[in-house]
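Trainee:
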Amino acid sequence: GGIITQTPKFLIGQEGQKLTLKCQQNFNHDTMYWYRQDSGKGLRLIYYSITENDLQKGDLSEGYDASREKKSSFSLTVTSAQKNEMAVFLCASSIYWGRNQDTQYFGPGTRLLVL
Amino acid sequence: QQQVRQSPQSLTVWEGETAILNCSYEDSTFNYFPWYQQFPGEGPALLISISSVSDKKEDGRFTIFFNKREKKLSLHITDSQPGDSATYFCAALGDTDKVVFGTGTRLQVSP
Chain E
210 GGIITQTPKF LIGQEGQKLT LKCQQNFNHD TMYWYRQDSG KGLRLIYYSI
260 TENDLQKGDL SEGYDASREK KSSFSLTVTS AQKNEMAVFL CASSIYWGRN
310 QDTQYFGPGT RLLVL
Chain L
40 QQQVRQSPQS LTVWEGETAI LNCSYEDSTF NYFPWYQQFP GEGPALLISI
90 SSVSDKKEDG RFTIFFNKRE KKLSLHITDS QPGDSATYFC AALGDTDKVV
140 FGTGTRLQVS P
């Protein structure tokens with residue numbers, strides 16, 4: 210078995226601030242993902258990474274940067290936090306890219322609140 | 040535009056009843072449909088999944104019914120338990136690993 214760890218668990222920021230969220234997985238999975246979860250809107254893909262040092266934009270990449278410097282870690286940066294923004298950011302991983310029936314395993318999420 | 044739609048948005052059933060969660064999709068290239076279960080404060084976890092070559096998939100009390108012609112699926116939870124109270128996401132994939140999630144159904148099972 211394995212686990213996905215996300216830090217911090219809660220993040221409170223100020224408008225315009227640059228905020229970084231971190232994700233670590235010990236599954237030894239190749240592919241990692243960042244999703245944003247808003248109430249009533251399901252999960253939307255922000256960035257994904259097929260392997261170390263690879264980055265691919267998802268449907269919601271504007272306003273975010275990502276970094277995959279190691280196979281086990283994937284970071285997400287909110288480049289300029291928006292006032293009153295509130296969302297949960299979920300990190301996930303799967304074994305390989307290209308086998309659509311591979312399960313995605315999710316972390317517990319980082320809850321963001323921008324004042 | 041939402042490619043995967045779920046209904047109802049929320050559902051309350053009594054313990055022991057069957058809960059029916061509905062899902063529909065638009066893209067005919069979707070061929071794999073996982074359902075994820077999410078408890079408050081946790082990330083989603085895969086519950087059960089079905090490939091488009093099947094019309095039914097059963098795992099204990101959880102059954103997916105799939106109608107390819109109508110582009111509809113449903114998740115049936117028989118003998119619902121309070122511990123089944125969670126949000127359920129229907130998802131869809133085509134030939135890539137990009138998962139398209141529905142907006143979720145919040146299920147409450149009352150004892």
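Heads up: the sequence lines are chains E and L, in that order.
Residue numbers for the first sequence follow this note's numbering, so the first one is 210 and each next one is one higher.
Residue numbers for the second sequence follow this note's numbering, so the first one is 40 and each next one is one higher.
Here a beta-carbon is modelled for each residue, glycine too, at the ideal position from N, C-alpha and C.
None of these values were measured; they are calculated from a predicted model.
1) Among Asp-268/E, Phe-236/E, Leu-322/E and Met-241/E, which has the Cα closest to the Cα of Arg-253/E?
2) Report the neighbours of Thr-142/L on chain E: residues whose CB is nearer than 7 Å to its CB, in chain order.
3) So for Asp-94/L, helix, strand or coil by DSSP?
4) Between which two residues does the beta strand (DSSP E) carrying Gly-222/E extend?
5) Buried or exposed: where does Gly-99/L fall if 16 or more other Cβ atoms within 10 Å of its Cβ makes it buried?
6) Taking 8 Å as the cut-off, decide whether the C-beta atoms of Gly-143/L and Gly-318/E are in contact.
7) Using only the heavy atoms of the ligand SAM, determine whether one of them is closer than 7 Å to the beta carbon of Glu-224/E.
8) Mind pulling the chain E residues with CB within less than 9 Å of Asp-66/L?
9) Just to confirm the assignment, what range does the beta strand (DSSP E) spanning Ala-130/L have?
10) At the 8 Å Cβ level, is Phe-298/E part of the contact set with chain L, yes or no?
11) Our contact map puts Ala-325/E next to Leu-324/E with C-beta atoms below 8 Å; I'd like the distance itself, whole angstroms only.
12) Would Glu-97/L pass as an interface residue toward chain E - the criterion being a Cβ-Cβ separation below 8 Å?
13) Determine, for Val-138/L, whether the minimum Cβ-Cβ distance to residues of chain E falls below 8 Å.
14) Candidates Gly-272/E, Asn-235/E and Gln-223/E: which alpha carbon is nearest Arg-245/E's?
15) Spatial neighbours of Asp-311/E within its chain, please: C-beta separation below 7 Å, excluding the five flanking residues on both sides.
16) Determine which residues of the segment 43-54 of chain L have a Cβ less than 7 Å from any Cβ of chain E, and write them out in chain order.
17) Going by C-alpha distance, which of Ile-259/E, Ala-301/E and Lys-227/E is nearest Thr-214/E?
18) Where DSSP assigns a beta bridge to Tyr-283/E, which residues make up the other side?
19) Restricting to Cα atoms, I'd like to know which of Asn-309/E, Phe-283/E, Ser-276/E and Leu-228/E is closest to Asn-237/E.
20) May I ask you to verify whether the segment 106-119 of chain L touches the segment 55-63 of chain L, counting CB pairs closer than 8 Å and requiring at least 3?
21) Report yes or no: is there a C-beta of chain L within less than 8 Å of the C-beta of Leu-264/E?
22) Assuming the contact rule is C-beta atoms closer than 8 Å, Lys-110/L and Glu-65/L should be a hit. Round their C-beta distance to whole Å, please.
23) Suppose the cutoff is 7 Å on Cβ atoms and the five residues either side in sequence are ignored; what does the same chain contact list for Pro-47/L look like?
Mentor: Here's the rundown:
1) For the purposes of this step, residue 253/E is identified with residue 44 of the first sequence, where counting begins at 1. Comparing Cα positions, the closest option is Asp-268/E.
2) Within the second sequence, the letter at position 103 stands for residue 142/L. Going along chain E in sequence order, the residues near Thr-142/L (Cβ under 7 Å) are Gly-249, Lys-250 and Gly-251.
3) Reading the second sequence from its first residue, position 55 is the one you call residue 94/L. Asp-94/L: coil per DSSP, three-state reduction.
4) Mapped onto the first sequence, residue 222/E falls at position 13. Segment 219-222, the beta strand (DSSP E) holding Gly-222/E.
5) Position 60 of the second sequence, counted from the start, is the residue given in the question as residue 99/L. Gly-99/L is exposed by the Cβ-count criterion.
6) Counting from 1 along the second sequence, the entry for residue 143/L is found at position 104. Counting from 1 along the first sequence, the entry for residue 318/E is found at position 109. No, Cβ-Cβ distance for Gly-143/L and Gly-318/E is not below 8 Å.
7) Within the structure as shown, the ligand SAM is missing, as the structure has no ligands at all.
8) By one-based count along the second sequence, residue 66/L stands at place 27. Neighbours of Asp-66/L on chain E: none; closest Cβ ~13 Å, over 9 Å.
9) As a working mapping, residue 130/L is identified with position 91 in the second sequence. Run containing Ala-130/L: 125-131, per the beta strand (DSSP E) assignment.
10) The residue you call residue 298/E lines up with position 89 of the first sequence. Judged by the 8 Å Cβ criterion, Phe-298/E is not in contact with chain L.
11) Here chain E comprises residues numbered 210 to 324, so residue 325/E is not present and cannot be evaluated.
12) Walking along the second sequence from the start, residue 97/L turns up at place 58. Not an interface residue.
13) Position 99 of the second sequence, counted from the start, is the residue given in the question as residue 138/L. Judged by the 8 Å Cβ criterion, Val-138/L is in contact with chain E.
14) The residue you call residue 245/E lines up with position 36 of the first sequence. Checked all of Gly-272/E, Asn-235/E and Gln-223/E; the closest Cα to Arg-245/E is Gly-272/E.
15) As a working note, residue 311/E is residue 102 in the first sequence. Counting only Cβ-Cβ distances below 7 Å, and skipping sequence neighbours, we find Ser-303, Ile-304 and Tyr-305.
16) none
17) Residue 214/E sits at position 5 when you count from the first residue of the first sequence. Residue Ala-301/E is the option with its Cα nearest to Thr-214/E.
18) Along the first sequence, one-based indexing puts residue 283/E at 74. The residue asked about is misnamed: residue 283/E is Phe in this sequence, not Tyr. In the DSSP output, where bridge partners are listed per residue, Phe-283/E has Cys-232/E.
19) On the first sequence, residue 237/E is found 28 positions in, with the first residue counted as 1. Comparing Cα-Cα distances from Asn-237/E to each of Asn-309/E, Phe-283/E, Ser-276/E and Leu-228/E, the minimum goes to Phe-283/E.
20) yes
21) Position 55 of the first sequence holds residue 264/E. Not one chain L Cβ lies under 8 Å of Leu-264/E.
22) The residue given as residue 110/L occupies position 71 in the second sequence. The residue given as residue 65/L occupies position 26 in the second sequence. About 7 Å; that satisfies the 8 Å criterion.
23) For the purposes of this step, residue 47/L is taken as residue 8 along the second sequence, with counting starting at 1. Around Pro-47/L: Thr-144.
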